[in-house]
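These notes concern the structure reproduced below.
Residue numbers (the UniProt record's numbering): 1 to 254.
Okay, structure coming up:
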């Protein structure tokens, strides 16, 4: 066995498999640059750290379960004049996550609430935060089956450990008292620990009708609204303005 193969085997036993596979290339590059021993070791360690960071990011993306990929830079402010460029940049710098602020994105369907929430979530992932995306329906299902299935238990553990939790379509349907109580306990767990982005077409004043319990509603709102930025997106639906039709270009009113 050659020294190179011995070194690669040792690296794999030390859980440096990525660097072991790349070692011939790293050695060849060091010879071409006439690197010192110290520089070569630095290049090896840097490569290993880079690959570990990339794999961690891939894992966090998988766990985040975004329904599609979108970025903050892709968000078209021309389509949404109620949000200024300055405010969008403030959201993008993510200082609010460190301050444990929540974001509520309100507006009718099609104005870009989900797009913006995912864009902020991806920005947070790229900056090293743990992020989870879930619809309200999927969240309630996971809460109700947490003690029954391993999948739901793992899912809820990841939600509780996240730095940022995105809940899409909040209050799109009424909850019974048991569901509302479980939702309150989750919000209470996340309070003072994680930031939350909520998207909804109903404002906080309407949530009580869907939660069905005024005491639980008050407790949930108290925790969510303690540190919150509410952003109202008021423009017409992007999907309706850019919808496809078999009759050529037509306005919604046609």
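Every residue gets a Cβ at the ideal spot worked out from N, C-alpha and C, and that includes glycine.
Predicted, not measured: the structure shown is a model, and the values here were computed from it.
The segment 138–154 makes contact with the segment 170–185: 3 or more CB pairs, one atom from each, lie closer than 8 angstroms.
Contact annotation, residue 26 with residue 53: C-beta distance approximately 17 angstroms; criterion of less than 8 angstroms not satisfied. Relative to the Cα of residue 138, the nearest Cα in the group 9, 172, 83 belongs to 172.
As computed with DSSP, residue 102 is found in a beta bridge with 228. Between the C-alpha atoms of residue 88 and residue 131 there is a straight-line separation of about 19 angstroms. For residue 195, the uninterrupted beta strand (DSSP E) run begins and ends at 195–200, by DSSP.
Non-local beta-carbon contacts of residue 96 in its own chain, meaning distances under 6 angstroms to residues more than five positions away in sequence, are absent. Under a 10 Å Cβ-count criterion, residue 102 is classified as buried, with 16 or more other Cβ atoms of the shown protein chains found around its own Cβ. No residue range can be given for residue 172, since it is assigned to no alpha helix (DSSP H) and is classified by DSSP as neither H nor E.
For residue 72, no alpha helix (DSSP H) encloses it, and the DSSP letter there is neither H nor E. Its chain contains 232, 233, 234, 235 as the residues whose beta carbon lies nearer than 7 angstroms to that of residue 82, once the 5 sequence neighbours on both sides are disregarded; these appear in chain order. Rounded to the nearest whole angstrom, the CA to CA distance from residue 111 to residue 193 is 29 angstroms. With contacts defined by Cβ atoms closer than 8 angstroms, residue 114 and residue 163 do not form a contacting pair. In this structure, DSSP gives residue 38 a helical state, which the three-state scheme calls helix. Across the structure, residue 217 and residue 228 are spaced so that their CA atoms are roughly 16 angstroms apart. Measuring C-alpha to C-alpha distances from residue 65 to each of 118, 219, 221, 204 identifies 118 as the nearest. The three-state reading of DSSP puts residue 134 in strand, counting E and B together. Excluding its 5 nearest sequence neighbours in each direction, residue 77 has C-beta neighbours in its own chain below 7 angstroms: 83, 85, 88, listed in chain order. For residue 30, the enclosing alpha helix (DSSP H) covers residues 17–33.
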